[in-house]
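Residue 149 in my numbering sits at position 145 of the sequence shown, and the numbers go up by one each step.
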Amino acid sequence: MRFSQDHIRQWREDGFCIIENFFTKEEYLPLLSDFEKLYGSVAPPPGQDEALVVSPDDENLRKLKSDGFKIMDTLPYDGSAELNLISLHPQLIAFAKALLGVDGVHMYQSHTWAKYTGLADYEQTFHCDFNNHTLTCPAEAEELRTVDFIFYLTDVSTEHGALRYVTKSDAKEILGHDFPVKGIELEEHYALVDREKTVAVPAGSLLAHGIDTMHRGTNLTLRGGRRFSMTVGFKAVGNDQIAFHTWQAAAGRPWQNLIPHAAPEQLACLGIPLPGDRFWTPRTIEVTESRWPGIDMEPYKRSLIGFK
Ligand SMILES: O=C(O)CCC(=O)C(=O)O
Ligand SMILES: [Fe+2]
Numbered sequence: 005m006r007f008s009q010d011h012i013r014q015w016r017e018d019g020f021c022i023i024e025n026f027f028t029k030e031e032y033l034p035l036l037s038d039f040e041k042l043y044g045s046v047a048p049p050p051g052q053d054e055a056l057v058v059s060p061d062d063e064n065l066r067k068l069k070s071d072g073f074k075i076m077d078t079l080p081y082d083g084s085a086e087l088n089l090i091s092l093h094p095q096l097i098a099f100a101k102a103l104l105g106v107d108g109v110h111m112y113q114s115h116t117w118a119k120y121t122g123l124a125d126y127e128q129t130f131h132c133d134f135n136n137h138t139l140t141c142p143a144e145a146e147e148l149r150t151v152d153f154i155f156y157l158t159d160v161s162t163e164h165g166a167l168r169y170v171t172k173s174d175a176k177e178i179l180g181h182d183f184p185v186k187g188i189e190l191e192e193h194y195a196l197v198d199r200e201k202t203v204a205v206p207a208g209s210l211l212a213h214g215i216d217t218m219h220r221g222t223n224l225t226l227r228g229g230r231r232f233s234m235t236v237g238f239k240a241v242g243n244d245q246i247a248f249h250t251w252q253a254a255a256g257r258p259w260q261n262l263i264p265h266a267a268p269e270q271l272a273c274l275g276i277p278l279p280g281d282r283f284w285t286p287r288t289i290e291v292t293e294s295r296w297p298g299i300d301m302e303p304y305k306r307s308l309i310g311f312k
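What follows is the structure, encoded as structure tokens:
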């Protein structure tokens, strides 16, 4: 296991926990060439790769903010099987289950995100992420919460747009409540900044938080700097309150980069029933096998044997 009881306790109490070097070099280094292929062409050229200085009344500000979200993709990725499988890494799944205290999880979000110095304004005010994950509010019951992972494929220093956060107890003390729907006044924002912690970590590190935590993105300031990360969300199986992507939303997406390479436990996180589920019959196995050439249906077939 790459996590401990102490990490789980920290996540529950503070809302955040960081595990440095969660992924090995062998796991994250190959993904750098995927990121280069996907985003290398948008990297600002010399001369435009310096810290962006924008004032709050810059009329371009809205565009510069939205530009920051452009250099992102959603699973399945137009890249290697390794890139497609990293957000379903068995240790990530195990950690999500342990944090939520459940036996089964679904992955409901998986993004790549490349940030470059000078490309966009990544500076954010303190916020919680629940607005686009639920129509109600963050849950209190442990198993109904969400696990939102961010992991980094490049080293992150304060000059690489390190995420800042405030622990739940500090946020409550400063704001006088833990009622995230209220929004943050500028004065409160600066009080949170005074108490913030910085996620400056080596490549391969993992940050776990939830949709009820106060955090913010910041600008990259190092000339020619880049920050490659992935954002991955898990919820308990059957938690219909939480959603982000609909994996089935469009035909023709590059699932062949993932499905034939994944184990049943990884596919189950996308909603594909585990072997032994009553969905699987000789016919559904045959049709699924011809839809996804190369998929290993043996475990599903073996689970049928008892049926016959
Ligand atoms: O990328 C980051 O460091 C944080 C971004 C963030 O919090 C957001 O976009 O909601
Ligand atoms: Fe956020």
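Ideal Cβ placement from N, Cα and C applies to all residues, glycine included.
Alpha carbon of residue i to alpha carbon of residue j, nearest angstrom
i    : j    : result
K172 : S37  : 37 Å
S8   : K201 : 21 Å
L210 : A102 : 15 Å
R220 : H193 : 10 Å
V203 : I154 : 10 Å
G122 : M301 : 47 Å
R6   : Q270 : 18 Å
P286 : Q245 : 33 Å
G280 : S59  : 58 Å
A253 : E63  : 35 Å
E86  : E191 : 44 Å
D18  : Y304 : 41 Å
H11  : F26  : 12 Å
D198 : R168 : 11 Å
W284 : P49  : 52 Å
P268 : A100 : 17 Å
L262 : K67  : 34 Å
L65  : A55  : 15 Å
Counted within 10 angstroms of its Cβ, other Cβ atoms place residue i as buried (16 or more) or exposed
i    : result
V4   : The question about residue 4 has no answer, for the chain in this structure spans 5 to 312.
P142 : buried
I23  : buried
T28  : exposed
D325 : Summary: the structure shown does not reach residue 325, with the chain confined to residues 5 through 312, and so no result is reported for it.
L139 : exposed
D77  : buried
A166 : buried
T250 : exposed
H181 : exposed
I90  : buried
Nearest-angstrom beta carbon gap, residue j and residue i [assumed within contact, 8 Å]
i    : j    : result
N223 : D71  : The pair is not a contact, with the Cβ atoms about 12 Å apart (cut-off 8 Å).
F130 : I215 : Not a contact, Cβ separation roughly 14 Å.
H115 : K239 : At roughly 16 Å, the Cβ-Cβ gap does not stay under 8 Å, so H115 and K239 are not in contact.
H213 : D152 : 5 Å
F134 : P184 : 7 Å
G105 : E146 : 5 Å
K41  : G83  : 7 Å
Cβ of residue i within 8 Å of any chain C Cβ
i    : result
T116 : Chain labels in this structure do not include chain C; a single protein chain is all it has.
Bridge partner(s) assigned by DSSP for residue i
i    : result
M234 : T116, F155
M76  : W117
L224 : H164
A212 : C21, F153
V109 : A240
H219 : H131, Y169
V205 : V160
Nearest neighbour of residue i, chosen from the options [CA to CA]
i    : options                : result
K186 : E147, D159, C132, V106 : C132
G208 : Q14, D198, A100, L96   : L96
E127 : V57, L196, D159        : V57
Y120 : V291, A100, D82, E163  : E163
H265 : F283, W296, P277       : W296
F232 : R16, Y43, D10          : Y43
G228 : K176, A118, M76, V241  : A118
G242 : Q14, D10, L148, A55    : L148
T158 : S307, S294, Y32        : Y32
A98  : P277, C273, G298, R257 : C273
G256 : I90, Y81, F283         : Y81
L179 : T217, P206, I263, I75  : T217
P258 : N88, Q113, R13         : N88
N136 : R66, G237, Y156        : G237
G275 : L65, Y112, R16, G51    : Y112
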